[in-house]
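These notes concern the structure reproduced below.
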Amino acid sequence: MTHPLKPGQWPYPRWIAHRGAGKRAPENTLAAFRAGAAHGYRMFECDVKLSLDGVPFLLHDDTLTRTTNADEALGAGLSAVAGEHPWGTLALLDAGSWHSSAFAGEALPAFESIARYCLQNNFLLNIEIKPTPGIEYHTGQVVASHAARLWHGAATPPLLTSFDVPALEGALQAQPNLPRGLLLERLWTGWLETALRLGCVA
């Protein structure tokens with residue numbers, strides 16, 4: 015990735031489908047992206063974290079309980095923390111039935127599959143880095159590196175965002191030319207200085 019955003023340049027649309035239009039379909043799934051596209055969206059936001067074996071995949075929560083059948087599929091006594099399971103286990107979960115029976119069997123998507131869907135259809139992407147607690151910096155590094163590889167040569171890079179400062183620090187270290195944004199629930203002391211230090215564009 016060799017084309018950082020220039021001052022005054024903002025290539026992203028005003029309207030973005032959150033979690034891939036996650037009200038119309040199960041959030042952070044390919045079905046949600048397809049639903050957003052069907053409603054005219056050309057940019058999507060999704061949440062990306064790492065499996066135990068380092069595979070980036072889409073999920074908002076730290077745990078699997080709300081948006082998958084993990085309680086049933088994994089059995090009693092096993093951790094519900096998503097980052098404590100390998101991708102081979104996560105890929106078999108049902109991430110659709112919680113939303114409605116129409117999406118029963120919808121899988122958790124690997125980040126790479128969503129990236130390729132966006133690239134093949136000329137969609138833009140806002141990647142929110144959602145690290146498992148304890149591996150924030152590493153998650154930022156890995157997600158940014160995968161994004162740079164997948165979008166190599168693309169006209170418009172993905173926008174990397176996070177509420178987590180160490181995750182953005184990792185993204186900056188790994189791929190400084192990918193645009194970054196600091197997400198805020200409140201204006202904490204030093205937020206602007208932090209955003210400037212991280213080279214954030216948003």
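Residue 15 is where the sequence shown starts when you use my numbering, and the numbers rise one by one after that.
From the three backbone atoms N, C-alpha and C, an ideal C-beta is built for every residue, glycine too.
(request) Return the chain-ordered ranges of every beta strand (DSSP E) run that is complete within the segment 64-129 and spans a minimum of 3 residues. (result) 70-72
(request) With DSSP as the reference, please indicate the residues paired to threonine 153 in a beta bridge. (result) Partner(s): none; threonine 153 has no beta bridge.
(request) Would you list the one or two residues that DSSP bridges to glutamate 59? (result) Asn140
(request) Output the distance between the C-alpha atoms of glycine 204 and cysteine 60, rounded to the nearest integer angstrom. (result) 27 angstroms
(message) Could you compute how far the alpha carbon of threonine 16 sits from the alpha carbon of alanine 162?
(response) The pLDDT assigned to threonine 16 is 43, lower than 50, so where the model puts this residue is not dependable; a value taken from the coordinates is nonetheless given after this. Those two C-alpha atoms are separated by around 9 angstroms.
(request) Would you identify the three-state DSSP class for leucine 192, choosing helix, strand or coil? (result) coil
(message) Can you tell me which residues form a DSSP beta bridge with alanine 31?
(response) Phe58
(request) In the DSSP assignment, find the unbroken alpha helix (DSSP H) run with leucine 44 in it and report its ends. (result) 44-52
(message) For threonine 234, list the residues DSSP reports as bridge partners.
(response) In the structure displayed, the chain extends from 15 to 216; residue 234 sits before or after that span and is not available.
(request) Please name the residue in Asn135, Leu174 and Ala109 whose C-alpha comes closest to that of glycine 119. (result) Ala109
(message) Is the beta carbon of serine 176 closer than 8 angstroms to that of isoleucine 143?
(response) yes
(request) Go ahead and pull the three-state DSSP assignment for glutamate 183. (result) helix
(request) With distances taken Cα to Cα, identify the nearest neighbour of aspartate 178 among Ala168, Gly148 and Ala169. (result) Gly148
(message) For arginine 130 and arginine 56, I'd like the C-alpha separation in whole angstroms.
(response) 14 angstroms
(message) Considering only their Cβ atoms, is the gap separating leucine 182 from alanine 216 smaller than 8 angstroms?
(response) no
(message) In the DSSP assignment, the alpha helix (DSSP H) including glutamate 207 goes from what residue to what residue?
(response) 205-211
(request) Look at the Cβ atom of alanine 225, then the Cβ atom of leucine 196, and state whether they are nearer than 8 angstroms. (result) Residue 225 cannot be examined here, being either before or after the span of the chain that is shown, 15 to 216.
(message) In whole angstroms, give me the CA-to-CA distance for alanine 96 and phenylalanine 125.
(response) 15 angstroms
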